[in-house]
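Here the sequence shown stands for residues 37 to 180, where the numbers follow my numbering.
Every residue, glycine too, gets a C-beta built ideally from N, C-alpha and C.
To start, the structure itself, in structure tokens.
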Amino acid sequence: MIRCSNALLIKLSLLLSDRKVERVAVFIGKKVGSDYVVTDVLPARNEDLDPENKFFVSNRQLSRVMSRAQQKGCLVLGIAHSHPAHHPPLPSIADFNHTYYAVNAVYHPATRSLTWFNQRGELTQQLIHAALFFPKINRNYLHV
Numbered sequence: 037m038i039r040c041s042n043a044l045l046i047k048l049s050l051l052l053s054d055r056k057v058e059r060v061a062v063f064i065g066k067k068v069g070s071d072y073v074v075t076d077v078l079p080a081r082n083e084d085l086d087p088e089n090k091f092f093v094s095n096r097q098l099s100r101v102m103s104r105a106q107q108k109g110c111l112v113l114g115i116a117h118s119h120p121a122h123h124p125p126l127p128s129i130a131d132f133n134h135t136y137y138a139v140n141a142v143y144h145p146a147t148r149s150l151t152w153f154n155q156r157g158e159l160t161q162q163l164i165h166a167a168l169f170f171p172k173i174n175r176n177y178l179h180v
């Protein structure tokens with residue numbers, strides 16, 4: 037089971053709130069028994085040459101994020117990315133093929149839906165209503 041607070045889900049939605057290109061964030065936290073407890077969501081930069089349709093995070097960038105996680109006494113649990121408005125709100129075949137972590141998610145800003153998924157093809161969807169909590173937040177400080 038994945039445990040992630042509402043505040044972190046809102047942070048995630050703000051980090052990934054771009055309807056034109058795929059944005060990326062990294063889940064950090066701890067494994068407690070069989071649960072994955074997300075303690076923070078860190079921004080990452082999409083390094084793909086076609087960010088409107090794909091995302092890529094280099095090993096170099098992941099190493100920096102892993103160092104930040106270790107400084108907080110955490111592990112990298114997984115990656116979240118957004119799908120622009122012209123993509124469906126569900127993980128693609130490519131998303132499933134590149135699932136290397138236990139905690140994976142796709143956020144679709146146009147529908148505000150978050151889909152958690154794993155390598156076995158199991159999906160869990162939920163809606164995130166960030167505007168209800170932070171109506172006047174400046175989103176610019178969240179992007180890398």
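Asked, Found
"Buried or exposed by the 16-neighbour rule on C-beta atoms within 10 Å, applied to V68", "exposed"
"Inter-stretch contact (C-beta, 8 angstroms, three-pair minimum) for the stretch 102–109 and the stretch 122–141", "no"
"Start-end ranges of the beta strand (DSSP E) lying completely within the stretch 37–79, minimum 3 residues", "60–68"
"Where the alpha helix (DSSP H) containing I164 begins and where it ends", "From DSSP, I164 is part of no alpha helix (DSSP H); its letter is neither H nor E."
"C-beta contact flag for A116 and A80 at 7 angstroms", "no"
"Beta-carbon spacing of D71, R39 below 7 angstroms", "yes"
"Residues that DSSP places opposite L159 in a beta bridge", "F153"
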